Amino acid sequence: MKQKDRIALIMRDMPQTGHFYVLNIVALLFIIGILIGLTFRPRIGELDTTVYALVKQWHTALHAPFVDAIALFFTNLANVEVIVTLLIMAVVLLYRKKRHHAAQALIASVFTSIVLVQSIKFAIDRVRPEPFISAADTFGMSFPSGHAFVAIVFYGTVAYIIGHHIKKKKRRWLVYNSAQALVWLIALSRLWLGVHWLSDVVAGMILGGLLLWVIVAFYTYNKPREPLFALWK
Numbered sequence: 000m001k002q003k004d005r006i007a008l009i010m011r012d013m014p015q016t017g018h019f020y021v022l023n024i025v026a027l028l029f030i031i032g033i034l035i036g037l038t039f040r041p042r043i044g045e046l047d048t049t050v051y052a053l054v055k056q057w058h059t060a061l062h063a064p065f066v067d068a069i070a071l072f073f074t075n076l077a078n079v080e081v082i083v084t085l086l087i088m089a090v091v092l093l094y095r096k097k098r099h100h101a102a103q104a105l106i107a108s109v110f111t112s113i114v115l116v117q118s119i120k121f122a123i124d125r126v127r128p129e130p131f132i133s134a135a136d137t138f139g140m141s142f143p144s145g146h147a148f149v150a151i152v153f154y155g156t157v158a159y160i161i162g163h164h165i166k167k168k169k170r171r172w173l174v175y176n177s178a179q180a181l182v183w184l185i186a187l188s189r190l191w192l193g194v195h196w197l198s199d200v201v202a203g204m205i206l207g208g209l210l211l212w213v214i215v216a217f218y219t220y221n222k223p224r225e226p227l228f229a230l231w232k
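Residue numbers for the sequence shown follow numbering that gives the first Met the number 0, so the first one is 0 and each next one is one higher.
Right, here's the structure in full:
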C-alpha cells in the first residue's frame, strides 16, 4: 500500500477514533463521579437537607403564587410530553429542510437521555423530598433530576444544531446563551418547587452535559457546516 493511501485511510478513520476517545473520557468521568459520590455520600446528604430547608424557608417566607407559576412554567418545559411534542415538530421541520443528520441526532438525544436517566433512577432508587406545592410533578424516583438531564441534552442539542450553522459569532452565541439560560431556569425551578435534592439537580446537569458532549462530537464529526436557515447565514 502506498504512503498516500495509508494517510487517506488514517484520515478516513479519524472520526471513529474521535468517537472512541470521547466515549472513553465520558465513561471515565462517570466512574469517577460515582466513586466521589459514594465516598462523600454522608456530607452530600447533609448539604442536600441544608439547601432543601433553606429553600423551603424562602418559599414559605415569600409566599408568592406567581413565582410558583413561573417555576411551574419552566419546569413543564422539560416534561416528557412537552419534549416529545417539540421533538416531533423539530424533526418534521428538519426533514423538510433535508437535514436528516440533524433530525437523527435530535431523536437520539431525546430517547438516549430518557432511557439513561430512568435506568439510573431505577438503580439508585432515591426517595424524593416533600414538594412545596401539590401541583409540582413528582413522578418517579429522585436521583438524578430527569428534568435537568433531559433539558440540557434536548435544548443543548437544538441550540448546537442551529448555532453550528450560523456563521456570525454574535448570533451563534446568542443561541447558545439562550439555551443555557433556559436550562438553568429549569434546573432552579426543580429546587424552588422542592421536588429534588440539590445533588439530584447537579448530577442531572453533569450527566446530561456529558451526553450532550457525546452527541455534539458525533454531529460535528459527521456533518460539515452548511447554512440551516437562510435567515441565519
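Here a beta-carbon is modelled for each residue, glycine too, at the ideal position from N, C-alpha and C. Keep in mind it's a predicted model, so treat the numbers as computed, not measured.
Pull up the distance between the alpha-carbon of residue i and that of residue j, whole angstroms please.
i: A77; j: H58; result: 22 Å
i: V194; j: F148; result: 15 Å
i: V152; j: F142; result: 17 Å
i: H163; j: Q179; result: 15 Å
i: F121; j: L53; result: 28 Å
i: Y175; j: I165; result: 11 Å
i: L86; j: L211; result: 16 Å
i: E80; j: W172; result: 28 Å
i: F72; j: D124; result: 27 Å
i: M88; j: I82; result: 10 Å
i: T219; j: R170; result: 19 Å
i: R98; j: V114; result: 25 Å
i: F110; j: A158; result: 17 Å
Can you name, in chain order, every residue of its own chain whose Cβ lies under 6 Å from the Cβ of residue i, other than the five neighbours on each side?
i: A150; result: A77, V182 and I185
i: G145; result: V116
i: Y51; result: P128
i: I160; result: A101
i: G203; result: P143, S144, A147 and F148
Using DSSP with H/G/I as helix, E/B as strand and the rest coil, what is residue i?
i: L105; result: helix
i: Y20; result: For Y20, the predicted structure reports a pLDDT of 48, less than 50, and the residue's modelled location is therefore unreliable. A value from the coordinates is still provided. In the structure shown, Y20 sits in a helix (DSSP, three-state: H, G or I).
i: S118; result: helix
i: R125; result: coil
i: H100; result: helix
i: A216; result: helix
i: S177; result: helix
i: K169; result: helix
i: S144; result: coil
Rounded to the nearest angstrom, how far is the Cβ of residue i from that of residue j, given a contact under 8 Å?
i: L190; j: V201; result: Not quite, the Cβ-Cβ distance comes to about 10 Å (not below 8 Å), so this is no contact.
i: T156; j: A104; result: 6 Å
i: I106; j: V90; result: 6 Å
i: S188; j: D47; result: Contact doesn't hold; Cβ gap of about 17 Å is too wide.
i: S112; j: G208; result: With a Cβ gap of about 11 Å, S112 and G208 do not count as contacting.
Leaving out the 5 sequence neighbours to the left and right, which residues in its chain are closer than 7 Å to residue i when beta-carbon positions are compared?
i: S108; result: V152, F153, T156 and I214
Tell me which residues share the same chain as residue i and place their Cβ nearer than 8 Å to its Cβ, disregarding the 5 neighbours each side in the sequence.
i: V275; result: Here the chain has residues from 0 to 232 only, and residue 275 is not among them.
i: L192; result: D67, A70, L71, T74, P130, F131, I132 and A135
i: Y94; result: A102
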